[in-house]
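Structure record follows, encoded as structure tokens.
Number of protein chains: 2
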Amino acid sequence: MKHTYLMTPGPSPLAPEVKLALAKDILHHRTEAFRNILKDVHEGLKYVFQTNNPVLILASSGTGAMEASVVNFLSKKDKVLVVSGGKFGERWQEICKRYDLEVIVIEVEWGKAPSIDEIKNILDKNKDIKAVFTTLCETSTATVYDVEKIAKVVSQTSAILVVDAISGLGADKIKTDDWAVDVVVSGSQKSLMLPPGLSFVSISKKAEQLMESSNLPKYYLDLKKALKAYAKDDTPYTPSVSLIVALKEVLEIIKKEGIENIWEKFDKISKALREALKSLGFEIYSSSPSSAVTAVVVGDISAKKIVSGIRNEFGISIAAGQDKIADKIIRIAHMGYINAQDVVMTLSALEKTLKDLGVKINLGDSVKRFQEVYYV
Amino acid sequence: MKHTYLMTPGPSPLAPEVKLALAKDILHHRTEAFRNILKDVHEGLKYVFQTNNPVLILASSGTGAMEASVVNFLSKKDKVLVVSGGKFGERWQEICKRYDLEVIVIEVEWGKAPSIDEIKNILDKNKDIKAVFTTLCETSTATVYDVEKIAKVVSQTSAILVVDAISGLGADKIKTDDWAVDVVVSGSQKSLMLPPGLSFVSISKKAEQLMESSNLPKYYLDLKKALKAYAKDDTPYTPSVSLIVALKEVLEIIKKEGIENIWEKFDKISKALREALKSLGFEIYSSSPSSAVTAVVVGDISAKKIVSGIRNEFGISIAAGQDKIADKIIRIAHMGYINAQDVVMTLSALEKTLKDLGVKINLGDSVKRFQEVYYV
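Keeping their order, the protein sequence lines are chains Z and R. Each residue of the first sequence is one higher than the one before, counting from 1 in the numbering used here. Each residue of the second sequence is one higher than the one before, counting from 1001 in the numbering used here.
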């Protein structure tokens, strides 16, 4: 009779219609029927990514799409700028270094947003920077970066802007074309409410031009080949058929709900959740908090103990921190199929778990606070 | 009321328990519950691959695992031998060339098996060959290669043997350890009866040693990282959770049935199918026919017309050829969840389709012949 709930920043829960779609018989991928689905999915992705450019689908986790966004646009010894303030910013650095690029790093303090002036400054001094890599929502610190302002700066240069929006897309606002973001990377198991296994890369005309000269080695992640297939609503290699069939359902749900309404919903949920967590005495970890995931500093308590306590008693998965802040913060996601009622239920379970761990809190305080802020 | 049937060499049909597993709620991948599943899956894969070495799981199509088997074992300018007689042998060549390796190619005539002497000869003359790449079942020509004999030759040298068993594994016999095959690559959508989206790489101790010195660039496909995670029943990046949960079901089915029995079943089905197709006047395309897929030359008729005819009227997907023989052959798969009854039904539909296309055949001939050969 025990329920399980995913309140983690990926994977996120599945909608019932998505689960049913996953249980369907497999379609052959080289058929008219599948190409029609792919056509709809390509259109639906443009809407979620807010772009008129192609959004390519890869059979890989998000990291595969991040690597694709390095090896397809750059060439040996190219200079790049990585704006990095968490585990996923570090991943951009690692990938770029693995391919022997000349990497300039802006080390942003974890939990803070980057300084736009610093980015501008470095771009001014390094006219040969070919690409700027950064993050929409830095999942490890629950911090949203001001991609609109970053794009304003980068779009004035010859560099392309590549944004890891794996956890952010569909919760933190991003307007790919309006803001002039060249490449947006995402994954299936966050706001797109699917199991992990698909990743996405949107490609602007400016980025497409860089692809022409790119000489880094690639095969499976070759986006030029993928782009050619995309034009015929096809894929270069066998696609993840069942995930794509389920994605069609998801994109219809999102379209119906309206992306602006979804952004607003998660903005509202995250605001109310922050107030609720503050009412328990917690401090919000990020000074630029994301609408996709919320992190609080747990002080003397062990984050891992909270996470295992709430999972063992309530079947609710929330996340501790990662790397150097692994035991210092807890993270609660609000993305995809998650709604305010899920957050209420999580807060109620969190209160009980904290009480069991000997923390002095009053049962009901955070739930009440969430309700007060959310239901206005 | 129209049924659909997948008689293609990938994707292959899903068993009912697999579909139900795919429809389950998502587990978080960094939990004890998921690690336990991964542990069982790792054991089950060893059985199917007939190895005591690790079988790594990637979230990619089979091509990703092929590329991983190049970039993780080799270094810049290394000399390799590719034994290639079809589209997937060509893929080995393409990947190796993309990474600037020195590639010697044995061009095997399409539909034929390679000469073991020729392989031995080249290895004798090129002691510096680091790896030999070949195929178990060359899907494009429905041809099985004698991997046991190839391994006998390669294992006498310092080179590793890397076998693309994407469509072959689980239908064409392969005994990875007994035969001393170093690296076996496979995919989820063939005999493993899953949707596409997972790929696999088994790694011998000899291959693991080559990994230590490999200097080709990689990140997402880094098997050293994957091997480290594997030791803790974990994955370096977010795994395809739902496919792995369903894989556990599949591996239990295979274990119960017994891999030897499965090899024997498909051997018997393929023999009966070849006789059945010959009774319609077709010539078997391959002189070394696979137990996973059967190809026949269609002569003056268009293969594509047969494929679309049988799909449109009966909902049955079979495959035409690929590349230079695209319109010259049809291919019928027998792998994974497919059984003799599916083949009977396909033959009956094929007869009707051929009749509609004006081919002079007698209805019932091939079905009868299949029954006569199979039910003995």
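Virtual Cβ for every residue (Gly too), placed ideally from N, Cα, C. Bear in mind the structure is a predicted one, so any value in this text is a computation, not a measurement.
For Z/Tyr-145, the closest Cβ of chain R is not nearer than 7 Å. With respect to chain Z, the C-beta atom of R/Tyr-1220 has a partner C-beta closer than 7 Å. Put simply, the CB of R/His-1028 is near chain Z, with a gap under 7 Å to one of its CB atoms. The Cβ of Z/Thr-294 sits no closer than 7 Å to any Cβ of chain R.
Among the residues of the stretch 74-107 of chain Z, those with a Cβ less than 8 Å away from any Cβ of chain R are Glu-94, Ile-95, Arg-98, Tyr-99 and Asp-100, in the order of the chain. In the structure shown, the three-state DSSP call for Z/Ala-272 is helix. The C-beta of R/Ser-1140 has 16 or more other C-beta atoms within 10 Å across all chains shown, which makes the residue buried. Within the same chain, and ignoring the five residues on either side of R/Asp-1267 in sequence, the residues whose Cβ sits closer than 6 Å to its Cβ are Ser-1291. Between the stretch 1066-1078 of chain R and the stretch 1120-1132 of chain R, the count of C-beta pairs closer than 8 Å reaches three or more; the two stretches touch. Each residue's CA atom was taken as its position, placing R/Ser-1060 and R/Gly-1358 some 42 Å apart.
Within the stretch 1236-1252 of chain R, the residues whose Cβ lies closer than 7 Å to any Cβ of chain Z are, in chain order, Tyr-1237, Thr-1238, Pro-1239, Ser-1240, Val-1241, Ser-1242 and Leu-1243. Secondary structure note for Z/Glu-102: it is in no alpha helix (DSSP H), and the uninterrupted beta strand (DSSP E) holding it is 102-107. Bounds of the beta strand (DSSP E) holding Z/Leu-161 are 160-164. Counted as a single uninterrupted DSSP element, the beta strand (DSSP E) harbouring R/Ser-1202 occupies residues 1199-1203. For Z/Ser-317, the residues of chain R that pass the 8 Å Cβ criterion are His-1028 and Thr-1031, in the order they occur in the chain. CA-to-CA, the gap between R/Gly-1168 and R/Lys-1232 works out to about 29 Å. Between the alpha carbons of Z/Val-70 and Z/Ser-155 lies a distance of about 18 Å. Closer than 7 Å to the CB of R/Pro-1217 there is at least one CB belonging to chain Z. Neighbours of R/Ala-1023 in chain Z, taken as residues whose beta carbon is under 8 Å from its own, are Lys-19, Leu-20, Leu-22 and Ala-23 in chain order.
R/Cys-1096 is a Cβ neighbour of R/Val-1103, given a cutoff of 7 Å. Contact note: Z/Pro-195 reaches chain R through Ile-1026, Ser-1240, Val-1241 and Ser-1242, using a C-beta cutoff of 7 Å and chain order.
Between Z/Ser-270 and Z/Thr-294, the alpha-carbon positions lie close to 7 Å from each other.
Contact annotation: Z/Ser-286 and Z/Gly-111 have beta-carbon atoms nearer than 7 Å.
With fewer than 16 other Cβ atoms inside 10 Å of its own Cβ, R/Glu-1032 counts as exposed. Under the Cβ distance rule, R/Ala-1207 does not count among the residues neighbouring chain Z, no pair being separated by less than 7 Å. For the C-beta of Z/Ser-61, the chain R residues within less than 7 Å are, from N- to C-terminus, Ala-1059, Tyr-1237 and Thr-1238. In the structure shown, Z/Phe-133 adopts extended strand secondary structure according to DSSP, grouped into three states.
As the crow flies, the alpha-carbon of R/Asp-1323 is around 37 Å from that of Z/Ile-160. In this model, Z/Thr-176 and R/Gly-1258 are separated by some 52 Å (Cα to Cα). With respect to the 7 Å criterion, R/Leu-1027 and R/Val-1344 are not classified as neighbours on the basis of their beta carbons. Taking C-alpha positions only, R/Val-1298 is separated from R/Ile-1330 by approximately 7 Å.
Separation of the CB atoms of R/Pro-1217 and Z/Arg-98 is rounded to 6 Å, and the pair is thereby assigned contact status at 8 Å.
For Z/Thr-143, the closest C-alpha among the options Z/Thr-353, Z/Phe-88 and Z/Met-1 is that of Z/Phe-88. Interface flag for R/Glu-1067 against chain Z is set, since a Cβ pair is found closer than 7 Å. Closer than 7 Å at the C-beta level to chain R, one finds no residue of the stretch 320-344 of chain Z. In its chain, beyond the 5 residues on either side, Lys-79, Leu-81 and Ile-104 have a beta carbon closer than 8 Å to the beta carbon of Z/Asn-126.
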